[in-house]
Amino acid sequence: MQGKLQKTTLKVVESKELKAVPSKDSYKRYCLGFALALLLSGCAVGPDYQAPDIALPDAWPDHITLSQHERDEWRQWWRQFNDPALNQLVERATQDNLELTIQLARIQEARAQLGFAEAEQFPTVGFQAEASRERTPGAALPIDFEPIQDLITSTNNQYSLAASLEYELDLWGRLANEREAALAAFQESQFARDAAEISVIGDVVTTYFNLKSAEAQQQLLDETLASYEETYRLQQLRFEHGDISELEVKQAEAEWLGLRSEIPSLAQQVESLRGALGVLVGMSPDELITALDTGNTPLANIAQPKKIPSVMPSELLQRRPDIRSAEASLIAATAQVGVAEANRLPSLNLSSFLGTTAASSSDLFTDSARAWGLGASVMGPLFDFGRTRAGVESAEALVEQAEGQYRLTVLTAFNEVRDALYSYDFTSQRADAVEEQISAIERARDLAVLMYDQGQVSQIERLDAERNLLSARLEQADARREQLASAATLFKTLGGGWQLEDGVVY
């Protein structure tokens, strides 16, 4: 194979002493060649990795800056919502989620590849033991004389014990670059697993909030439905006593039946969210069919985090594992260029053997059976019609792809943070506005009921006030969900608790 290492395999056998040893001159020449090869091994080819130059903002915009909020470490940021059920779901997801299980297996694969690349930098030591018995027939020779054929015919035994040592001198840094690429690939798999964990935790938290919001809306509809049904019953009694017309009775009935028709779709949404949450936490099919314990914490009792992370734009490159994963991929691609360039140059392989071979097992360790040898081979492409050059060009193209992907990942990350910061600000404003709206609508509903009982307004006006209050309460649950989800998204986009301390990722 041109451009690749071609190892020369020679049998080597250990023994207690040698019958013949090389002369001092040959030994000096061998040592000189070995030292020269070691000197050449420092002539590594290929580019050195340099981080892409990306223009980063000095700070976040003033109107969405985080400097007005209390800072806190946020390794387990979801605990700031103060919901035991959510904590249990996140803990189970980090252990049983199938996507994370796949990512963990990829880390193990990358670790094995790194071990292989590191082992390639060291000599290969092997051994071989053989025993054979062979009959040489005299009739196989072109001598048509039977006495001679009988004389030539023989049966022979052969015994050998061998050990071998092979070593490639890394003249152009090919093995070093392969190790660097494998190490970067291993780090990439680790960062990818961290990024996947952040994504899974974020999905669990937001899905949990969606479920709690749907449950709150379902409970609100059930309570309102009971109130509408009671109103309809009272209207029937008033109609039977001649206090109101049939029109008002039918209006109350229509409102009750209309609200009842909305309950099945909301119940379906609740069950769909339960199923999605079950898949995220890694439930078995049997558990998924039976039940999922999401606790009994109402949406209104989930705490809104008051401590959010302080991260400057420049820190985001170290905080987000997806960016670190993309950078590790770029480092690996850069190292592969050095591997491809080294494949265009000759490779030097040293070998030696030490052994013993005899026709009788009793003579196997005698002086006459001892043998040794030293060797070196140089191999490289001469005319490959552009194969190795194409390999370099392909590796360089992969570097361009990896750098483009890295820049795209950084850009996407900053856009996600930007959107999360705006969302965190706007959802808080909406939640406050809805709370003020609820107070006004509740007062208007109470006045409408009072004035209807006094005959000052019609049934239509009273029902309109009830509908407005129901709509506002449903919007309140949705605004609360958005506010909690925006906080979770902000934690996630800023790194989600993954952090680098003292140069150690954990």
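Mapping of the sequence shown onto our numbering: residues 6 to 511, in sequence order.
Note that the Cβ used here is the ideal one computed from N, Cα and C, for glycine as well.
Test item: CB-CB of residue i and residue j under 8 Å
i: Leu350; j: Gly385; result: yes
i: Ala492; j: Gln309; result: yes
i: Val415; j: Ile328; result: yes
i: Val284; j: Gly51; result: no
i: Leu321; j: Ala418; result: yes
i: Ala200; j: Pro326; result: yes
i: Trp377; j: Leu359; result: yes
i: Ala449; j: Ala482; result: no
i: Leu514; j: Ser352; result: This structure leaves residue 514 out entirely; the chain is present only between 6 and 511.
i: Ser373; j: Tyr164; result: no
i: Ala347; j: Gly207; result: no
i: Ala363; j: Asn161; result: no
i: Leu119; j: Gly287; result: no
i: Thr339; j: Val404; result: yes
i: Gln223; j: Ala272; result: yes
i: Ala337; j: Ala181; result: no
i: Pro142; j: Thr158; result: yes
i: Gln464; j: Glu253; result: yes
i: Ala453; j: Glu466; result: yes
i: Leu474; j: Glu447; result: yes
i: Thr498; j: Glu421; result: yes
Three-state secondary structure assigned by DSSP to residue i
i: Thr158; result: coil
i: Glu135; result: strand
i: Ala381; result: strand
i: Leu499; result: coil
i: Tyr411; result: helix
i: Gln240; result: helix
i: Leu170; result: strand
i: Phe370; result: coil
i: Leu353; result: strand
i: Glu22; result: Residue placement at Glu22 cannot be trusted, given a pLDDT of 33 that sits under 50; the coordinates are not used to answer.
i: Ser218; result: helix
i: Ser270; result: helix
i: Val130; result: strand
i: Leu359; result: strand
i: Arg375; result: strand
i: Arg325; result: coil
i: Thr212; result: helix
i: Ser165; result: strand
i: Thr141; result: strand
i: Leu61; result: coil
i: Ala395; result: helix
i: Asn420; result: helix
i: Thr302; result: coil
Reference residue i, options the options, closest by Cα
i: Ala189; options: Gly460, Leu468, Ala117 and Arg138; result: Ala117
i: Leu369; options: Asp101, Ala167 and Phe121; result: Ala167
i: Thr432; options: Asn420, Gln406, Gln461 and Arg486; result: Arg486
i: Arg423; options: Met317, Gln442 and Ala449; result: Met317
i: Leu264; options: Thr229, Glu251, Leu379 and Glu173; result: Thr229
i: Glu267; options: Ile153, Leu225, Arg138 and Ser373; result: Leu225
i: Ser218; options: Thr498, Leu499, Glu480 and Gly501; result: Glu480
i: Glu135; options: Gln100, Asp458 and Thr361; result: Thr361
i: Val130; options: Arg138, Asp389 and Glu171; result: Glu171
i: Asp53; options: Val344, Asp458 and Glu441; result: Val344
i: Val383; options: Asp175, Ala90 and Gln81; result: Asp175
i: Thr212; options: Glu401, Arg243, Arg279 and Glu173; result: Arg279
i: Ile443; options: Arg472, Leu455 and Tyr457; result: Arg472
i: Gln133; options: Ala124, Gln100, Thr302 and Ser169; result: Ser169
i: Gln209; options: Trp82, Gln406, Thr393 and Ile107; result: Correcting the residue type first, residue 209 is Val in the shown sequence and not Gln. Comparing Cα-Cα distances from Val209 to each of Trp82, Gln406, Thr393 and Ile107, the minimum goes to Trp82.
Beta-carbon proximity list for residue i, same chain, < 6 Å, skipping 5 on both sides
i: Glu258; result: Tyr237
i: Thr494; result: Ala425
i: Glu408; result: Pro57 and Leu335
i: Phe86; result: Ile307 and Ala308
i: Leu61; result: Pro318 and Ser319
i: Gly501; result: Ile203
i: Ala436; result: Ala484 and Gln488
Proximal residues to residue i (C-beta, below 7 Å), its chain only, five neighbours per side dropped
i: Glu220; result: Val275
i: Ala122; result: Glu183, Arg184 and Ala187
i: Ser330; result: Glu193, Phe196, Ala197 and Ala200
i: Arg97; result: Val286 and Gly287
i: Pro89; result: Gly300
i: Glu251; result: Phe244
Same chain, Cβ closer than 8 Å to residue i, five either side skipped, listed in chain order
i: Arg84; result: Asn92
i: Ala333; result: Ala189, Ala190, Gln192, Glu193 and Phe196
i: Leu109; result: Arg198
i: Leu468; result: Gln256, Ala257 and Glu260
i: Glu234; result: Trp261
i: Ala305; result: Ala221 and Arg485
Quiz prompt | Ranges of the alpha helix (DSSP H) found wholly within the segment 446 to 501, counting only runs of at least 4 | solution = 464 to 498
Exercise. Let me know the alpha helix (DSSP H) ranges lying completely inside the segment 80 to 108, each 4 residues or longer, listed in chain order.
Key: 89 to 101
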